[in-house]
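Going by this note's numbering, the sequence shown opens with residue 40, and the numbers climb by one from there.
Just so you know, even glycine gets a beta-carbon here, dropped at the ideal spot from N, CA and C.
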Amino acid sequence: MNQNLLLKTSMLHLVVSAISVAACAGLVLGTRLPPALLVILLAAVIMVCTGIFYVLHHILKLDNEKHASNEKQQLQLALDSAGECLWEWQLANKATSIHFSTPYCMMLGYTRKEFAHDQKGWQELLHPDEREHVLRRLTRLFAEGKDSTYENTYRMRHKDGSYRWIHSRGRLFTNQGKLVRFIGIAADISEERHNNERLRLANVVFDSTHEGVLISDANNIVVFVNRAFSDITGYSYTEIVGNSPRVLKSGRHSKEFYTEMWRSLDNTDSWTGEIWNRRKNGEVLPQLQTITQLRDEHGLITHRVAVFSDISLLKSSQSEISFLAHYDPLTSLPNRALLHEHLKLSLQRAIKFQSMAALLMINLDHFKIINESLGHINGDELLKQVTARIQQVLDPQDTLSRFGGDEFAIVADSCNDNVQAANTAEQILTVFRKPFLIGQQDIFVTVSIGICMYPLTGLTAEEVLRYAATALSKAKDSGRDSYAFYDSILTEAAAKKLRIANELRTAIDDSQLTIHYQPVYSLDDKKIIGCEALVRWQHPQQGLLMPAEFISIAEVSGLIGAIDNWVMHQACIQAQQWQQLGLALEFISVNISSRLFDRSGTLKANLQEALLQSGLPAHHLELEITESSMMGNPAQSIELLHELRSTGVRLAIDDFGTGYSSLGRLKHLPVDKFKIDRTFVMNLPHDPADIAIIRAIISLSESLDLQVQAEGVETREQAEFLQQYPQVLAQGYLYGKPMPAADFAAMLAAQQPSPNSPQ
Ligand code: C2E
Ligand code: MG
Ligand code: MG
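Okay, structure coming up:
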């Protein structure tokens, strides 16, 4: 009963009571009726009043109920039109009735009429898994018998058979412990729940994955990172979120790398590649990274998701695997497979450049016995020390490999001929003369070496290895601690040359070298105007040796620098002496080896020292450099020639015409003279081709304003031919062979008063 009805009923009761009291009072006071009749009348008045009260009260109650029903309908209408899914349980009566609003019914796919508006019908729609739980909640709520709020989430069957997640909130009304109404609203939260579930799963995945995940927004500000990201990079969530991912840059990539990455993102919304990033502690690490760009329905970029894995382990295991596949773990030297590769490449190079290289196969003598007596640990130690010893003598161009227990091999690109190869082998034998300290014990080990020169013998890697192995057997057969070539002739020749090299080493100190001077004749002045200093070796046993017998050996054994230096000093001193004796020469020339670049650093200093010591004016000294020696590195040659010329000396190109110089390069050479090679002069004046070449060289030198000197002039015919070009200087047996200083001085002296021309 509501307040209004209570008030109205109370007022009615008051009015009716007042009327009945007034009527009773009037009757009692105004009449003189007998008491019995008075009592009857009073009873009648009370009964009439009570009847009136009852009728009026009933009318009031009906009116009130109608009013309440109207109100409820209005509320219903309002909630329906607001789309609220309303439910209301009427609990005051014995039989519970439930009202569901139209939106509620529609939420489950029914019209209002189709929907069962009772507890049984509602109950049947509950998911069997949750039905019991929901009902128990309600029973407990109702049992408490007091006003309270209610909230629950459960599934209900839709008309289409699917289950929907329903979230229900309501309130229970009671009156003095009696249940009155249970009312509330419901909502279908299936979609939201689904999304939440997906998000939850995504979070679980993000957090359990080993891949680092970084999400940045359109402005490239980090909005999310997962746990793996923090584990890999060292940046915690709070440190990186809100910042730019740029803090991860390693600085190892070029600008172009990032430009390419952004181009790929612009074009395809994704990029995958290997990238080096930097950890918080400064370490750089390689990552395999995929960046995906997310766009909204308008095509605008909203986020970028970068997923990456740390591939440093993979990288290191890859390099470990490749190390094991190609290197010997004990010595870290290339193994058989890599030796094969090196050899193949070296062979290709040698064939392409028509050069020579050597394979030196090295075996420790009696290693098996040493290994067994020392024990394997000491045996391994010995192999390591052996490796270090061999490496001591290696040229940087050469590679040492270990391809078996005690089997080593050197692919020696530096050994362009058998002498160099023999020299390397000798050096290896020498470093084994010293003992190895193994476990506080001095161990003496010798080696045998087999050498194969390729491509001279052996055109494939297999052949070269086989021939070197054959050579190795020869070395072992000859008593070990020695080397042998596959080709026995090479062994003998190399041995001879090496012997010469050894003797040459002492020749300089023992003053066995001497210089012969060959005159250079001016066809114009008809007199000797210069000479060339040519070295000779007065060998104690073999007599006078010509340069052809020792210069190339001196070059490969590194002695040429000392020889050239000695010749230069002597020649300068000699020329200055003649000068002082009045035997003036325009120039004295000395030969500079084709290995001049090997010692380019000291050459200029030596030159200045020779000039200073002798007192010879620089312009009287001429340096002869062969055309071929400049071909390897033209730019470096030009620079060096400029440097040498800056001292004031003259420069000549020796053996000109044999070195394939390009005309374009010639004009840049800072030289003063071409010396036409003997081979072009030899067939004069009969060979038209040689005549044409000589004419071309002369006219070239004229246009470049250079001097020309013809070498190897032996006959008068040749001299007569050259006479056409009086500016040409001539050198050859016709004018004088190379001769000792005293003879040359006499020759010079003889031409002083009356020139002793051979013409
Ligand atoms: P080269 O510099 O071209 O010297 C000229 C060579 O031709 C000399 O040989 C000389 O004796 C020879 N020759 C001169 N006129 C004639 C001739 O009319 N007919 C023939 N058949 N030969 C003639 P040599 O003295 O045996 O020297 C040979 C090469 O050795 C020189 O060629 C030069 O390249 C080199 N050489 C000589 N002395 C030295 C030196 O001190 N240092 C260096 N690095 N090389 C030197
Ligand atoms: Mg010369
Ligand atoms: Mg020459």
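In this structure, the alpha-carbon of SER632 lies about 15 Å from that of HIS608. Listed as beta-bridge partners of ILE340 by DSSP are ARG334. Looking at the DSSP output, HIS578 sits in a beta bridge with GLY582. ILE228 and ASN234 have their C-alpha atoms roughly 10 Å apart.
The bridge partners DSSP lists for LEU304 come to none.
Leaving aside the five residues that flank SER394 on each side, the residues in its chain whose CB is nearer than 8 Å to its CB run, in chain order, ARG388, ASN455.
Annotation note: the region 658-717 contains the following uninterrupted alpha helix (DSSP H) runs of length 4 or greater, listed N- to C-terminal: 673-684, 702-705.
Closest in C-alpha terms to GLY251, from the list ALA735, ILE271, THR438, comes ILE271. The Cβ atoms of ARG428 and VAL486 lie no closer than 7 Å to each other.
For the pair ASN457 and MET492, the CB atoms are nearer than the 7 Å cut-off. Just measuring C-alpha positions, the residue of ILE599, GLN619, GLY621, LEU620 sitting nearest LEU642 is ILE599.
In the DSSP secondary-structure assignment, ARG194 is bridged to TRP204. With contacts defined by Cβ atoms closer than 7 Å, TYR556 and PHE783 form a contacting pair. Going by DSSP, GLU250 is part of no alpha helix (DSSP H) at all; its letter is neither H nor E. Looking at the backbone, the Cα of ALA57 and that of GLU190 are separated by about 51 Å. Secondary structure within the region 218-295: the alpha helix (DSSP H) runs of 4 or more consecutive residues, fully enclosed, are 229-247, 266-272, 276-279 (chain order). Taking 6 Å as the cut-off, the C-beta of GLU661 does not count as close to any heavy atom of ligand 3. Rounded to the nearest whole angstrom, the CA to CA distance from ILE340 to LYS383 is 54 Å.
Shown here for ASP434: same chain residues with a beta carbon closer than 6 Å to its own, the five before and five after excluded, namely SER453 in chain order. Taking a cut-off of 8 Å for Cβ pairs, the region 724-731 and the region 662-681 do not touch, as fewer than three such pairs fall below it. MET146 and LEU165 do not touch by the CB rule: their CB atoms are close to 14 Å apart, not below 8 Å. Sequence-distant partners of SER371 (beyond 5 residues in either direction) whose C-beta falls short of 8 Å from its own C-beta are missing from its chain. For ASP603, the Cβ stays outside the 6 Å cut-off from all heavy atoms of ligand 2.
DSSP places ASP782 in the helix class (H, G or I) of the three-state scheme. Secondary-structure assignment with DSSP links GLY209 through a beta bridge to TYR189, GLY223. Every beta strand (DSSP E) stretch that sits fully inside the region 523-604 and reaches 3 residues is listed by chain position as 552-561, 566-578, 582-584.
Remark: the shortest separation between the CB of ASP693 and any heavy atom of ligand 2 falls under 6 Å. Rounded to whole angstroms, the separation of the alpha carbons of THR665 and GLN757 is 23 Å. Here the distance from the Cβ of ASN630 to the nearest heavy atom of ligand 2 is below 6 Å. The DSSP-derived three-state label of ALA134 is coil. Burial check for ASN265: the Cβ neighbour count within 10 Å reaches 16 or more, so the residue is buried. Contact between the region 544-561 and the region 513-527 is absent: fewer than three C-beta pairs spanning the two stretches fall below 8 Å. The alpha-carbon separation between GLN616 and ARG734 amounts to approximately 37 Å.
A direct Cα-Cα distance of roughly 9 Å separates ILE314 from PHE296. Rounded to whole angstroms, GLN647 and LEU573 show a C-alpha spacing of 20 Å.
The beta carbon of PRO494 sits closer than 8 Å to the beta carbons of LEU386, ALA389, ILE390, MET395 from its chain, once the five residues preceding and following it are set aside; these are given in chain order.
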